Amino acid sequence: MSALIKNPFNHDLPPLEAPLVNVQLDGQWVKVPKGLNIIEVAKRFGKFIPHYCYHPKLSIAGNCRMCLFEMGMPKLDANRKPVVDAEERPVINWLPRPQIACATQATEGMAIRTNSKLVKDCQEGVMEFLLINHPLDCPICDQAGECRLQEYAYDFGKGRSRFVEEKVKKPKRVDFGPRIILDDERCILCSRCIRFAREIAKQDVIGFVNRGSYSTLTVYPGRVFDGNYSLNTVDICPVGALTSKDFRFKMRVWFLREAKSICTECATGCNIIIGSRENIVYRLTPRVNEEVNSHWMCDQGRLGFHYIHSKKRVTEPASHLNGSLFPLEWSEALRTVAQKLMEFPPSEIAFLVSARLTCEELYLVKKLMETLGKGTEIFSEIIPRKGVADGLLRSADLNPNTKGAIGIGIGKEGRRIEELKNKIRAKEINCLFAIHENPEEVGIQEDILSSLSFYVWQGLIPGPAVHKANILLAGASFAEKSGTMINIAGRLQKLHKAILCPGRAREDWRILRDLLLLVGVKERVFEKINDVFDAMSKEIDLFESLSWNTVGDLGIDLSQKLKNRSIL
Amino acid sequence: MAKAEYRLILKHADEPGYTVDIDCYLSHGGYQVLKKALAMPPDQIIQEVKISGLRGRGGAGFPTGVKWGFINHEKNTKPVYLLCNADESEPGTFKDRQIIYKDPHQLIEGMVISAYANRAHLAYIYIRGEFAKGAEILEKALAEARERNFLGKNILGSGYELEIYVFRGAGAYICGEETGLIESLEGKRAYPRIKPPYFPAVLGLYMCPTIVNNVETLCHVKHIVEMGGAEYARIGTPNNTGTRIWCVSGDVNKPGYYEYPCGAITFGELLYEVCGGIRNGNKLKAVIPGGSSAKVLRADKKYKIPKKKEDGSTEIVEMGLEDIPLDFDTVAATGSMSGSGGIIVMDHTRDMVECLRNIAEFYAHESCGQCTPCREGSLWMKKMLDRICTGGGRPEDSKLLLEVANHIAGRTICAFGEACSWPVQSFVEMFGEEFEAKQRKESSLEILEPLTNRTA
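Quick note, the sequences are listed as chains A and B, same order. Just so it is clear: in the first sequence, position 451 is 489 by the numbering used here, and no numbers are missing. Just so it is clear: in the second sequence, position 294 is 373 by the numbering used here, and no numbers are missing.
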């Protein structure tokens with residue numbers, strides 16, 4: 039397992055060389071790796087032991103007591119050797135005192151009961167205790183629908199309350215940092231957030247104050263919980279104590295349609311789930327992928343989707359004439375672009391391509407350039423974006439598909455931007471096609487763009503010089519298209535379309551496919567993204583023998599192939 | 080005629096003219112046993128303690144020799160720490176303060192011997208914050224001992240080095256729990272650790288092997304080395320060796336601390352003869368034998384005590400409270416425990432429900448709050464008892480109190496779960512009629528049938 043983030047604990051991933059031991063799980067003898075904790079043992083055989091404070095990637099706290107189970111050890115005779123029965127199995131001595139499953143490791147001959155009378159009594163007891171001081175906030179609490187208190191109360195609880203005293207009052211709606219709101223009454227004091235902040239986010243500023251039933255979660259006075267990983271505590275909080283200010287009160291989680299996708303804020307490509315309803319994205323949450331982001335994602339990526347619904351977005355194709363914007367039909371816009379592109383000699387055309395496009399889109403751009411080039415190579419370049427790697431998940435490369443661009447053969451990693459600028463100024467390049475990039479960002483300002491004879495802009499949010507564009511094509515954001523991208527470690531990962539494009543915008547691969555048809559490529563009319571991928575895999579050897587269906591939701595490691603081509 | 084005490088630990092504590100300074104201690108033969116101990120190999124001292132059958136005096140009664148034997152000194156490469164638990168927060172217990180305030184050097188000598196036996200070179204005395212004067216006395220005594228080479232580098236030329244520091248607590252009962260103490264010493268909130276894996280003998284202070292012992296236990300070590308383990312084992316009864324300091328408080332004429340060999344005196348002898356009987360001529364109603372965590376014993380009840388006969392077999396003898404001898408095992412056989420030796424006496428004028436409410440309030444206040452059953456349950460029981468005592472009791476409350484207590488005991492990280500539920504369980508079971516008397520005849524809030532279809 040080689041996640042890009044180094045988790046200090048991996049309780050669900052025992053070392054491969056761990057020997058197997060025999061344990062008895064609810065009467066059945068099974069083999070499990072030695073040292074595996076009992077919650078994971080049960081999970082491997084389809085049994086669920088409820089828990090709050092245990093998390094496979096955090097240290098063991100053992101304080102919620104929800105995972106209590108009945109443990110037995112082999113009966114030992116006078117020589118401390120196990121007594122065996124007729125089937126050569128050890129006779130079990132059941133301990134009267136229940137043990138916590140998260141802190142107990144599997145050893146030879148251990149016996150586990152996950153649903154005996156004692157276990158049910160423990161579970162009901164703990165559930166009752168957790169609910170006696172818990173506020174009746176379900177109608178207004180964001181966690182409803184994904185709240186483990188609700189779920190376990192239903193599955194393992196008593197069903198009725200016997201508490202007739204006054205509940206403990208604690209602060210509600212506490213500012214827990216710039217992105218999180220804390221409700222102390224809902225907190226069940228599992229300490230997951232404290233352990234996460236200390237062990238993984240490395241911002242050890244939260245803790246408990248006061249004692250006993252009045253224990254309260256709080257941020258250290260004078261400090262703020264504002265690290266770039268703070269919102270992961272909202273994910274791991276089993277109840278609605280920590281809620282995201284961005285998502286608070288926006289949508290009930292059971293209405294959210296979930297689509298598996300990839301974050302596109304940097305080259306790490308954390309696996310995410312896009313939660314949307316009626317074509318509006320409400321939130322992004324991390325998806326478990328032990329090879330990339332484990333259970334986490336950074337706050338920047340998590341909140342980086344609001345631009346999808348920005349009012350500045352171009353949602354229909356248009357043309358610019360004498361300073362005014364005229365909406366066009368797609369057929370007309372595309373025909374104009376295709377005609378113009380075919381007019382210019384190949385040496386005068388330049389493609390300014392984004393490394394935020396999917397591999398399929400980059401492949402189609404490549405095909406377009408090859409068709410227009412007729413043997414000559416058309417100038418193409420990507421805009422590089424560099425940030426600072428933070429040692430956790432954020433990569434220094436802020437483009438999600440740089441490796442894809444290099445692998446497919448587009449651009450020279452941004453080294454030719456100056457050259458492009460000069461060529462445009464010198465009128466050697468007269469036709470510019472900017473896909474999901476604003477040339478103003480790399481210094482190709484209005485004055486330089488004025489020298490162009492034809493400038494096509496395709497994308498989402500235009501820059502200040504877009505009035506220099508002759509044709510605007512409305513493209514799609516990452517949530518509106520399916521496709522694949524290759525991350526910094528060489529992993530090919532899939533995006534799935536979550537919402538429809540707004541207005542009359544279209545997925546970029548469909549726009550490029552239509553352009554391809556109009557410039558004369560008639561062999562294949564790609565109906566679905568699968569077709570584009572399969573065609574790409576036949577033509578580009580990086581993707582050979584892959585098909586859209588064989589690339590799973592956790593991606594495929596292409597690092598060896600990339601290394602062979604010196605891309606990695 | 081009241082039985083005479085056997086003052087082993089408290090020999091000089093109340094002697095007129097006996098002071099806490101080192102010269103007084105030395106003139107009474109002090110630190111001679113340390114000389115003897117430093118000439119013995121450490122493992123021999125551990126062996127003597129094992130032979131003596133010394134059991135911890137902090138409340139659990141765990142055999143000290145066994146505890147010391149947990150550390151494998153051949154394989155261990157980490158530093159070993161010795162911690163003296165001077166937190167003494169168990170209600171009803173006031174024996175350790177007598178040692179600290181009146182004969183501190185006995186404790187220091189016992190600690191040096193124990194640290195030497197366990198190969199520890201750094202020891203701490205964790206003293207409860209409320210003993211401000213005691214901390215001062217100990218600091219001064221340690222300085223004196225250091226000055227005379229009984230502490231520090233190359234003690235008495237033996238090559239052994241030990242430093243002892245006093246660490247003051249800040250008012251939490253849970254810091255008396257051994258892993259809570261260790262956490263507090265490390266500067267953190269006193270959240271007891273889960274055992275397994277954090278057994279102090281393996282992963283204690285700073286994750287190194289650590290021995291935590293009570294003040295009185297460490298003083299007994301000195302006497303064991305002095306007279307030899309076998310001789311010490313002759314005091315008391317088999318498996319209950321040595322003397323114990325019993326702290327009697329409550330409705331007796333002469334409350335105080337009395338030291339007797341284990342099994343040498345019965346409850347009746349102690350309360351009626353030594354302590355002068357129940358005050359105001361009242362009748363004895365109940366006794367809590369081992370600090371408020373222990374289960375209460377009803378005075379007019381017969382207890383079935385197993386007794387070993389000469390031929391090795393066991394017979395069950397029925398005895399009243401007055402005839403039960405004071406030791407570890409016999410008191411444990413009644414269902415309660417002798418704990419820290421804090422005997423709390425209640426006479427017939429005491430309302431048992433009020434007594435329980437008082438105890439429950441203490442535990443609700445002192446719960447550390449780490450694990451769910453104790454944190455929520457202790458406050459719930461306190462609130463219920465408050466309501467019962469102020470006239471809001473309902474017929475189902477006794478059963479509910481018992482069920483809540485049953486859901487806490489055995490399900491928590493540390494023994495505080497048992498400590499807060501045993502009083503509730505025992506008071507409600509022993510004095511059920513008093514609880515019923517406080518309840519209204521019919522309930523305004525019924526307990527309805529459970530909603531789920533789960534069958535137990």
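Idealized CB from N, CA, C, for every residue including glycine. It should be emphasised that the depicted structure is a prediction, and the values quoted were computed from it without experimental measurement.
Under 8 Å, CB to CB, which of the residues in the stretch 128 to 143 of chain A have a partner in chain D? Among the protein chains in the structure shown, which are A and B, there is no chain D.
Rank B:T289, B:V128, B:L89, B:N228 by C-alpha distance to the C-alpha of B:K181 and give the top, closest one. Looking at the Cα atoms, B:L89 is the closest of the given residues.
Starting from B:L264, find everything on chain A with Cβ-Cβ shorter than 8 Å and list it in chain order. The contacting residues do not exist; B:L264 stays about 18 Å from chain A at best.
Go through its chain and collect everything with a Cβ distance to B:Y442's Cβ below 7 Å, but skip five positions before and after it. Only residues of its own chain outside the window of five on either side were considered, and among them S457, A498, C499 have a CB closer than 7 Å to the CB of B:Y442, listed in chain order.
Going by other Cβ atoms of all chains shown within 10 Å of its Cβ, with 16 needed for buried, is B:K517 buried or exposed? Per the 10 Å Cβ criterion, buried.
Status (buried if at least 16 other CB within 10 Å, exposed otherwise) for B:A535: Model confidence at B:A535 stands at a pLDDT of 44, short of 50, so the residue's coordinates are unreliable and nothing is read from them.
Work out the CA separation of B:W501 and B:A373 for me, nearest whole Å. If you draw a straight line from the Cα of B:A373 to the Cα of B:W501, it comes to about 7 Å.
At 8 Å on the CB atoms, spell out the chain A contacts of B:P452, in chain order. Going along chain A in sequence order, the residues near B:P452 (Cβ under 8 Å) are R103, G163, V164, F167.
Any beta-carbon of chain A closer than 8 Å to the one on B:K364? Under the Cβ criterion of 8 Å, B:K364 is not counted among the residues facing chain A.
In chain order, what residues of the stretch 195 to 227 of chain A put their CB closer than 9 Å to some CB of chain B? Hits within the stretch, in order: G195, K196, G197, R198, R200, F201, V202, E203, E204, V206, I226, L227.
Looking at the unbroken alpha helix (DSSP H) that takes in B:A439, where does it start and where does it end? Segment 431 to 445, the alpha helix (DSSP H) holding B:A439.
With DSSP as the reference, identify every bridge partner of A:S332, one or two as the case may be. DSSP, once it has assigned bridges, lists A:N327 as partnering A:S332.
is_contact[B:R225, chain A] using C-beta, thresh 8 Å: Judged by the 8 Å Cβ criterion, B:R225 is not in contact with chain A.
For my contact list, B:D402 and B:T469 are in at a C-beta cut-off of 8 Å; report their separation, rounded to the angstrom. Rounded, the Cβ-Cβ distance is 39 Å, inconsistent with contact.
Suppose the cutoff is 6 Å on Cβ atoms and the five residues either side in sequence are ignored; what does the same chain contact list for B:G250 look like? The residues are G208.
Specify the secondary structure class of A:M39 as computed by DSSP and reduced to three states. Because the pLDDT at A:M39 is just 40, under 50, the model does not fix this residue reliably, and the point stays unresolved.
What distance in whole Å lies between the Cβ atoms of A:L580 and A:L592, which are believed to be in contact at a cut-off of 8 Å? Contact doesn't hold; Cβ gap of about 19 Å is too wide.
Under 6 Å Cβ to Cβ from A:G65, same chain only, skipping five residues before and after it: list those, please. Excluding sequence neighbours, A:G65 sits near nothing in its chain.
Look at B:K386 and B:V396 and say whether their C-beta atoms are less than 8 Å apart. The beta carbons of B:K386 and B:V396 sit closer together than 8 Å.
Express the C-alpha separation of A:A99 and A:K44 in angstroms, rounding to a whole number. Between the C-alpha atoms of A:K44 and A:A99 there is a straight-line separation of about 20 Å.
Could you give the DSSP three-state label for A:P355: helix, strand or coil? A:P355: coil per DSSP, three-state reduction.
Between A:G265 and the rest of its own chain, which residues show a CB-CB distance below 7 Å, the 5 nearest in sequence each way excluded? Residues A239, Q241 of the same chain have their beta carbon placed closer than 7 Å to that of A:G265, with the five preceding and five following residues left out of the count.
Within 10 angstroms of the Cβ of A:M39, are there 16 or more other Cβ atoms? Answer buried if so, exposed if not. The predicted position of A:M39 is uncertain, since its pLDDT is 40 and thus under 50; no value can be drawn from it.
Limits of the unbroken beta strand (DSSP E) element including A:L2: Absent from the model: residue 2 of chain A. The displayed extent of chain A is 39 to 606, so no value can be given.
Got a sec: is the Cβ-Cβ distance from A:A56 to anything in chain B below 8 Å? Contact of A:A56 with chain B is not assigned, every C-beta pair being separated by 8 Å or more.
If you draw a straight line from the alpha carbon of A:G590 to that of A:L168, how long is it in whole angstroms? Approximately 40 Å, taken between the alpha carbons.
Rounded to whole angstroms, what's the CA-CA distance from A:R542 to A:R423? Just pull it up for me. Roughly 29 Å between the two C-alpha positions.
Against chain B, does A:F246 count as a neighbour if the rule is that its beta carbon must be under 8 Å from one of theirs? True, the Cβ-Cβ gap to chain B drops below 8 Å.
Neighbour flag for A:H106 against chain B, beta carbons, 8 Å: What sits at residue 106 of chain A in the sequence shown is Leu, not His. Yes, contact with chain B.
Within the 8 Å Cβ cut-off, does A:M39 reach chain B? Its pLDDT being 40, under 50, A:M39 is placed unreliably by the model, and nothing is read from it.
So with CB distances below 7 Å, who are the chain A contacts of B:G448? Near B:G448 (Cβ distances below 7 Å), the residues of chain A are L227, R249, G250, S251, S253.
Neighbourhood of A:E5 by C-beta distance below 7 Å, restricted to the same chain and skipping five residues each side: Here chain A comprises residues numbered 39 to 606, so residue 5 of chain A is not present and cannot be evaluated.
Could you give the distance in angstroms between the alpha-carbon of B:E257 and the alpha-carbon of B:N164? Take the alpha-carbon of B:E257 and the one of B:N164: they are about 8 Å apart.
Using the beta-carbon count (16 or more within 10 Å), is B:G511 buried or exposed? Label assigned to B:G511: exposed.
Output, in sequence order along the chain, the residues in the stretch 482 to 511 of chain B whose CB is closer than 9 Å to any CB in chain A. Against chain A - using a Cβ distance shorter than 9 Å - the residues of the stretch 482 to 511 of chain B are E482, V483, N485, H486, I487, G489, R490, T491, I492.
Using a Cβ-Cβ distance under 8 Å, would B:L458 count as near chain A? Yes, B:L458 lies at the interface with chain A (some Cβ there is under 8 Å from its Cβ).
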